[in-house]
Amino acid sequence: MNITLKQAEKIIAVAKEKSIEIDTKMNIAVVDAGANLVAFARMDGAWLGSLDISIKKAKTARYFDMNTGIIGELSQPGGPLFNIEHSNNGLITFPGGVPIKNAAGEIIGAIGVSGSSVENDHTVAEAGALAI
């Protein structure tokens, strides 16, 4: 299964609404099951440096089918995934990347959000991921 452009656009719309609700300006990326970019939005005034981070968060969440914050916990010194962020041409291992599942519970893509605190990034990503 793969995410459709229509679904990705809905996810971005919901994530943008959440960003506005919590007064942040975000970069929002949605990738498909193969970790290919399907849709992207950079809200007016969002940090330029967060553009790449949002895409890498989405890809990281899809590569490992888990929230990027969980990968971050596992990749601390002494952890089982220590230094994993250096693989796959660079991963992002802090919150803001969330897998996207269809109604059957199958992972069809992922969302990555960056532009504020990692807590806000995760809140917006989670809202988007639950949009479909």
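Throughout the sequence shown, residue numbering follows the UniProt record's numbering, covering 1 to 132 in sequence. Ideal Cβ positions, reconstructed from N, Cα and C, are used throughout, including at glycine. The model shown is predicted, which means the values in this text are computed figures rather than measured ones.
- Proximity of the stretch 62-82 to the stretch 15-27 falls short of the contact definition, fewer than three beta-carbon pairs being nearer than 8 Å.
- Within its own chain, the residues whose Cβ lies closer than 6 Å to the Cβ of V124, once the five positions on either side in sequence are excluded, are A15, K18, S19, M26 and V113, listed in chain order.
- Spatial neighbours of L37 in its own chain (CB-CB distance under 7 Å, excluding positions within 5 residues in sequence) are listed in chain order as A29, V31 and I55.
- When secondary structure is reduced to three states using DSSP, L91 falls in the coil class, being assigned neither helix nor strand.
- Taking C-beta atoms as the reference points, W47 and G115 count as a pair closer than 8 Å.
- Sequence-distant partners of T60 (beyond 5 residues in either direction) whose C-beta falls short of 6 Å from its own C-beta, in its chain, are T68, L91, I92 and G97.
- The Cβ neighbour count for N83, taken over all protein chains shown within 10 Å, is under 16; the residue is labelled exposed.
- DSSP lists G109 as the beta-bridge partner residues of D32.
- Sequence-distant Cβ neighbours of S75 in its own chain, meaning closer than 8 Å and more than five residues away, are L81, F82, N83, I84, E85 and T93.
- Under DSSP, P99 forms a beta bridge with A110.
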